[in-house]
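Residue numbers (the numbering used here): 1 to 187.
Don't be surprised by glycine CBs; every beta carbon is placed ideally from N, CA and C.
The structure presented is a predicted model; accordingly, all values stated were derived computationally and were not measured.
Just below is one structure, and these are the notes that go with it.
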């Protein structure tokens with residue numbers, strides 16, 4: 001079953017554009033034209049993610065988000081907010097409401113929007129990846145020397161073990177990882 005994204009925006013062009021982007025990447029899409037319709041649809045359909053504009057008739061995006069966050073049934077649905085203007089005060093208000101992604105329409109490439117949608121739906125989960133390093137291949141020997149690691153990447157406290165490269169996804173920057181050498185027993 002595909003993940004469902006609710007697009008809430010009064011601009012038909014925005015809804016159509018992102019409907020195509022999300023559907024083309026395997027998402028099911030439902031749409032609402034204003035905050036009231038978006039709130040009702042979110043309560044009824046419980047989408048996996050909401051992609052919402054700011055300025056809309058009947059109820060703006062901020063008020064809709066506040067209502068969603070106040071309702072236990074929808075409080076944990078991730079929300080991406082989109083804007084044509086990109087005003088700093090709107091970004092701050094969105095962050096205060098728990099929105100992690102503020103999409104500047106016409107400037108944020110659709111591929112980045114899709115990556116963020118996947119990240120928000122699937123979650124960071126604090127996933128870490130541990131990679132074994134062949135200490136004699138390519139630049140591993142030079143890396144060992146340059147950073148004063150023990151020979152063969154041995155752990156200081158557990159010399160029978162060797163260090164591994166730990167990668168953690170940065171939830172704020174899609175495709176960016178934090179990397180460090182660690183000893184598995186010292187995680």
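- Message: Can you give me the C-alpha to C-alpha distance between residue 17 and residue 157, rounded to a whole angstrom?
- Response: 55 Å
- Can you give, in chain order, each stretch of the beta strand (DSSP E) that sits fully within the segment 59-102 and has at least 3 residues? The segment 59-102 contains these whole beta strand (DSSP E) runs: 79-83.
- Can you tell me which of the three DSSP states residue 23 falls into? Residue 23: helix per DSSP, three-state reduction.
- Query: Would DSSP call residue 176 helix, strand or coil?
  - Reply: coil
- Of the listed residues 166, 26, 178, 41, nearest to residue 68 (C-alpha basis): 41
- What is the residue span of the alpha helix (DSSP H) that residue 121 lies within? 110-122
- So, are the CB atoms of residue 97 and residue 86 less than 8 Å apart? With contacts defined by Cβ atoms closer than 8 Å, residue 97 and residue 86 do not form a contacting pair.
- Query: Cβ atoms of residue 80 and residue 8: under 8 Å apart, would you say?
  - Reply: Result no, Cβ atoms of residue 8 and residue 80 do not sit closer than 8 Å.
- State buried or exposed for residue 101, treating a residue as buried only when at least 16 other CB atoms are found within 10 Å of its CB. buried
- Consult DSSP for residue 157 and reduce its assignment to one of helix, strand or coil. DSSP, reduced to helix, strand and coil, places residue 157 outside both helices and strands of the structure shown, so it counts as coil.
- Sequence-distant residues of the same chain with beta carbon closer than 7 Å to residue 91, five excluded per side: 102
- Message: Suppose you measure from the CA of residue 58 to the CA of residue 119; what does that come to, to the nearest Å?
- Response: 31 Å
- Roughly how many angstroms lie between the CA atoms of residue 15 and residue 31, to the nearest whole one? 7 Å
- Item | Residues bridged to residue 6 [DSSP beta-bridge criterion] | 30, 50
- Between residue 48 and residue 4, is the Cβ-Cβ spacing less than 8 Å? Yes; because the gap between Cβ atoms is below 8 Å, this pair is in contact.
- Query: Mapping DSSP to helix, strand and coil, what is residue 163?
  - Reply: coil
- Message: Which same chain residues end up closer than 7 Å to residue 180 when comparing Cβ atoms and leaving out the 5 residues on each side of it in sequence?
- Response: Around residue 180: 166.
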